[in-house]
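Enquirer: Here you go, one structure.
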Amino acid sequence: MYQNQLKHKLQQGEVVLGLFTNCAYPGFIEICGHAGLDFVVIDLEHGSLHTLVAEDLCRAADCVGLAPIIRVSQNNPAQIQRALDVGSAGVQVPQIETKADAEAVVRGAKFSPLGARGLSLYTRAGVYTAAGTQRIEQLNETSLVVVQVEGKQGIDNLAAIASIPHIDVIFLGPYDLSQSLGIAGQVRDPRVVELMRTGVETIRQAGKVAGTFADTPEIAQQWIATGVQFVAVGVDVGVFLRACQALVKAVRSQ
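In terms of this note's numbering, the sequence shown opens at residue 94 and continues consecutively.
Written out as structure tokens, the structure is:
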């Protein structure tokens with residue numbers, strides 16, 4: 094049976110590191126794998142990527158043992174289905190605020206009897222029918238479901254959200270959380286940090302994996318120390334920008 098290595102690592106209690114990508118070039122995805130990252134989040138919420146590009150990025154990720162997760166723009170069953178049909182290792186759904194929101198994600202991500210995902214094996218995920226109908230059960234078992242809790246309402250409902258079966262990772266979004274508190278962008282504000290710390294405890298007590306975004310290695314290490322396992326350590330365009338800035342500064346300072 095096909096095994097989702099990212100899901101397996103999380104089930105074993107390992108910390109996994111990834112990167113958000115807004116770039117359409119498959120070579121950047123391969124570089125992420127060669128660099129030793131565990132996953133990449135192909136971002137269809139922000140930026141200009143689309144599904145056809147995402148499918149090629151998934152192929153590139155598979156070539157280097159990197160797990161491709163597709164973030165959709167909204168909690169929409171058609172978007173969730175398409176993100177999984179192109180052969181991603183999982184789907185990441187933003188702006189989850191209630192138990193009903195979380196249940197809707199599972200319905201969109203899982204085939205019957207676990208959910209109501211539309212069925213076609215004439216897809217990359219279905220191996221274009223080459224794997225037969227047993228592929229249905231395999232995909233239900235192996236696909237990773239990540240939900241993002243990003244606002245005060247979601248934090249207030251976190252225990253109920255975490256109670257939903259078949260959700261693997263609850264990803265706390267510090268930027269949108271800061272915005273919901275009226276302090277947009279101040280992700281290191283004590284109010285944001287405290288809500289997230291409490292959230293991580295709630296997630297772990299429910300037997301789920303906690304995830305988050307970190308701007309720097311130092312922040313990533315701090316969240317890992319609190320029990321976060323699924324850590325996105327930047328965005329490809331931001332990493333490239335900082336590398337270029339450091340290069341320019343190093344040359345011009347001579």
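Ideal Cβ placement from N, Cα and C applies to all residues, glycine included.
Tell whether a beta-carbon distance below 8 Å holds between V165 and V186.
Expert: Cβ distance < 8 Å, so V165 and V186 count as in contact.
Enquirer: Does the beta-carbon distance from A303 to V321 come in below 8 Å?
Expert: Yes; because the gap between Cβ atoms is below 8 Å, this pair is in contact.
Enquirer: In the segment 183–222, which residue ranges form an unbroken alpha helix (DSSP H) of at least 4 residues, counting only runs that do not cross its ends?
Expert: Entirely contained in the segment 183–222, the alpha helix (DSSP H) runs reaching 4 residues are, in chain order, 192–202.
Enquirer: DSSP on V108, reduced to helix/strand/coil?
Expert: If DSSP states are grouped into helix, strand and coil, V108 belongs with coil.
Enquirer: Can the beta-carbon of V133 be found less than 8 Å from the beta-carbon of L110?
Expert: It is not a contact, given that the beta carbons lie outside the stated cut-off.
Enquirer: Sorted by chain position, which residues of the same chain lie with C-beta nearer than 6 Å to P310's C-beta, five sequence neighbours on each side aside?
Expert: Cβ neighbours of P310 beyond the five flanking positions: none.
Enquirer: Under three-state DSSP, which class holds M94?
Expert: For M94, the predicted model reports a pLDDT of 47, less than 50, meaning its position is unreliable; a value from the coordinates is still stated below. Coil at M94, not helix or strand.
Enquirer: Measure from the alpha carbon of V280 to the alpha carbon of each residue in P267, S273 and R290, then state which is nearest.
Expert: Nearest of P267, S273 and R290 to V280, Cα basis: P267.
Enquirer: What does the alpha-carbon distance come out to for the pair N250 and A193?
Expert: Taking the straight line from one Cα to the other gives about 10 Å.
Enquirer: What are the boundary residues of the alpha helix (DSSP H) that includes P119?
Expert: P119 to H127 is the span of the alpha helix (DSSP H), which, as asked, contains P119.
Enquirer: What are the start and end residues of each continuous alpha helix (DSSP H) run of 4 or more residues lying completely inside the segment 263–311, in chain order?
Expert: For the segment 263–311, whole alpha helix (DSSP H) runs of length 4 or above, ordered along the chain, are 267–273 and 283–298.
Enquirer: Would you mind stating whether V240 and V198 have Cβ atoms separated by less than 8 Å?
Expert: Contact flag set, yes.
Enquirer: Rounded to whole angstroms, what's the CA-CA distance from F204 to L145? Just pull it up for me.
Expert: Rounded to whole angstroms, F204 to L145 spans 23 Å at the Cα level.
Enquirer: Is it the case that the Cβ atoms of V178 and A218 are separated by a distance below 8 Å?
Expert: Sequence check: residue 178 is Asp here, not Val. Result yes, Cβ atoms of D178 and A218 sit closer than 8 Å.
Enquirer: If you check the beta carbons only, do I260 and A195 fall under 8 Å apart?
Expert: Yes, they are a contact pair.
Enquirer: State the DSSP-derived secondary structure class of D329, mapped to helix, strand or coil.
Expert: Reduced to three states, the DSSP call for D329 is helix.
Enquirer: Quick one: what's got a C-beta closer than 8 Å to K301's C-beta in the same chain, skipping five residues either side?
Expert: Excluding sequence neighbours, K301 sits near A255, I260, D261, V262 and I263.
Enquirer: Rounded to the nearest angstrom, what separates A318 and V286 at their Cα positions?
Expert: C-alpha separation (whole angstroms): 13 Å.
Enquirer: Assuming V184 contacts V324 (C-beta within less than 8 Å), just tell me the rounded distance between them.
Expert: In fact, because the Cβ distance is near 18 Å, the residues do not count as touching under 8 Å.
Enquirer: By alpha-carbon positions, which one of Q227, A313, D282 and G292 ends up nearest to G247?
Expert: Taking only the C-alpha atoms, the option nearest G247 is G292.
Enquirer: Would you call the CB atoms of L350 and N168 closer than 8 Å?
Expert: It is not possible to answer for residue 350, since the shown part of the chain is limited to 94 through 347.
Enquirer: Which term fits R175, buried or exposed, when burial requires 16 or more other beta carbons within 10 angstroms of its beta carbon?
Expert: It is buried - the Cβ of R175 has at least 16 other Cβ atoms within 10 Å.
Enquirer: Using 8 Å for Cβ pairs, my map puts A307 next to V326. What's the rounded Cβ distance?
Expert: Yes, A307 and V326 are in contact; Cβ-Cβ is about 5 Å, under 8 Å.
Enquirer: Kindly indicate which residue of T191, E230 and G225 has the alpha-carbon position closest to the one of G208.
Expert: G208 has its Cα closest to that of E230, out of T191, E230 and G225.
Enquirer: Note down, in chain order, each residue of its chain lying with its Cβ closer than 7 Å to the Cβ of D282, except the 5 sequence neighbours on either side.
Expert: Closer than 7 Å at Cβ, skipping near neighbours: S271 and I276.
Enquirer: So is R210 buried or exposed if we call it buried at 16+ other beta carbons inside 10 Å?
Expert: So R210 counts as buried.
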